[in-house]
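Asker: Provided herewith is a single structure, encoded as structure tokens, for subsequent inquiry.
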Amino acid sequence: MHEIGRIRELNFREVGEGTGCALDIDRFDRDYLHLFIWDREKNQLVGAYRLGLVDKLIEHKGISGLYSSTLFHYDQRFLNNMGNAIEMGRSVIDSQYQKSMAALLLLWKGIGTYVERHPQYTHLFGPVSISNDYSEQARRLLADTMTLHYYDSEQAELVMATNPLPTGQAQWNASLLTSLADLQLLSRVIARIDEGKGIPVLLRQYLGLNGKLVSFNVDPAFNNALDGLIVVDLRNVPTKTLARYMGQSEALRYLATHQYFSDI
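The sequence shown begins at 6 in the working numbering and counts up one residue at a time.
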């Protein structure tokens, strides 16, 4: 756990986040599961993900047992609507492994394996960060585009950010925002605003799973990172996509358990 905390802090600082402490370890870590990749040849940590089993956490600690409850206030109906869910967070990949997508893929294969072995869980949700390394203009464009194209307005009514993204004068015309439903185009526009950047990798990953945003919060304890609360209903993920992380037969078995099939 010490090494996970060290790698978190080092790598989050590099992208304008981080707690400012030597280790990024909090009171929630002891109650969450920790999925990690270990490089046996180099004897070092590659990356990690934190998973919170919402039913177990609420049973023992109540809603305050969820890390995300420090960022967002939940109406109980929000959690009820999801049913059995896993709160995701603190995803990190050490900088020397970030050039390849293999590490992120392995982490998601681990997540897929866990869900396949515990098929009662149907939803993943949690805050995904748009770091302070992005300009205010780029962050606002990402938030406005996500709100227009990748938003669950019904669930959003049941969530309130503790420190909402300030509302400002519209910077973008409606036709531009409408066209940015195309993620590749959005990424190119972001790159023009902030050279060399695009849609954050993890945000793109969740959107690829048909994830929907429900709220945005500015986190002063994390160097003012902009956190978008995103929800993924795994039953609505295309079979081909789910199979990439679970395996073909495992994905079909999982979907059959919930009587869902999607090839969209």
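In this text, a Cβ means the ideal position worked out from N, Cα and C, and glycines have one as well.
Tell me whether residue 38 is buried or exposed, calling it buried when 16 or more other Cβ atoms sit within 10 Å of its Cβ.
Answerer: Exposed, by the Cβ-count rule.
Asker: Can you tell me whether residue 253 is buried or exposed? The criterion is at least 16 other CB atoms within 10 Å of its CB, across all chains shown.
Answerer: Per the 10 Å Cβ criterion, exposed.
Asker: From residue 251 to residue 40, what does the alpha carbon distance come to, in whole angstroms?
Answerer: Whole-angstrom Cα-Cα distance: 15 Å.
Asker: Count the other CB atoms within 10 Å of the CB of residue 206; is the residue buried (16 or more) or exposed (fewer)?
Answerer: So residue 206 ends up on the exposed side.
Asker: State the beta-bridge partners of residue 234 as determined by DSSP.
Answerer: Bridge partners of residue 234: 132 and 220.
Asker: Go ahead and pull the three-state DSSP assignment for residue 195.
Answerer: Helix at residue 195.
Asker: Report the partner residues of residue 7 according to the DSSP bridge assignment.
Answerer: Looking at the DSSP assignment, residue 7 forms no beta bridge with any residue, so it has no partner.
Asker: Quick check: what's the CA-CA separation for residue 129 versus residue 80?
Answerer: Roughly 17 Å between the two C-alpha positions.
Asker: With DSSP collapsed to three states, give me the class of residue 169.
Answerer: In the structure shown, residue 169 sits in a strand (DSSP, three-state: E or B).
Asker: DSSP three-state label for residue 139, please.
Answerer: Correct three-state label for residue 139: coil.
Asker: Could you tell me the alpha carbon to alpha carbon distance between residue 24 and residue 227, rounded to whole angstroms?
Answerer: C-alpha separation (whole angstroms): 5 Å.
Asker: Where does residue 263 sit, in a helix, a strand or coil, going by DSSP?
Answerer: Residue 263: coil per DSSP, three-state reduction.
Asker: Quick one, are the C-beta atoms of residue 133 and residue 57 less than 8 Å apart?
Answerer: Against a cut-off of 8 Å, the Cβ pair of residue 57 and residue 133 comes out as no contact.
Asker: What's the C-alpha gap between residue 231 and residue 112?
Answerer: One C-alpha to the other measures close to 23 Å.
Asker: Should residue 210 go down as buried or exposed, given a rule of 16 or more other Cβ atoms within 10 Å for buried?
Answerer: Buried: at least 16 other Cβ atoms inside 10 Å.
Asker: What are the start and end residues of each continuous alpha helix (DSSP H) run of 4 or more residues lying completely inside the stretch 85-134, in chain order?
Answerer: Listed in chain order, the complete alpha helix (DSSP H) runs (minimum 4 residues) inside the stretch 85-134 are 107-122.
Asker: I think residue 257 touches residue 240, with their Cβ atoms under 8 Å apart; what is that distance to the nearest whole Å?
Answerer: 13 Å between Cβ atoms; not a contact.
Asker: Within the stretch 13-78, note down every full beta strand (DSSP E) run reaching 3 residues or more, in order along the chain.
Answerer: Complete beta strand (DSSP E) runs here, min 3: 38-44 and 49-58.
Asker: Cα separation between residue 95 and residue 115?
Answerer: Near 15 Å, if we compare the C-alpha coordinates of residue 115 and residue 95.
Asker: Whole angstroms are fine: how far does the CA of residue 82 sit from the CA of residue 167?
Answerer: Their backbone Cα atoms lie some 18 Å apart in a straight line.
Asker: Pick from 89, 11 and 218: whose alpha carbon is nearest that of residue 124?
Answerer: Cα-wise, what sits closest to residue 124 is 89.
Asker: Which word fits residue 189, buried or exposed, when buried means at least 16 other C-beta atoms lie within 10 angstroms of its C-beta?
Answerer: The residue in question, residue 189, is exposed, as its Cβ has fewer than 16 Cβ neighbours within 10 Å.
Asker: Out of curiosity, what's the CA-to-CA distance linking residue 267 and residue 26?
Answerer: The pLDDT assigned to residue 267 is 48, lower than 50, so where the model puts this residue is not dependable; a value taken from the coordinates is nonetheless given after this. Taking the straight line from one Cα to the other gives about 44 Å.
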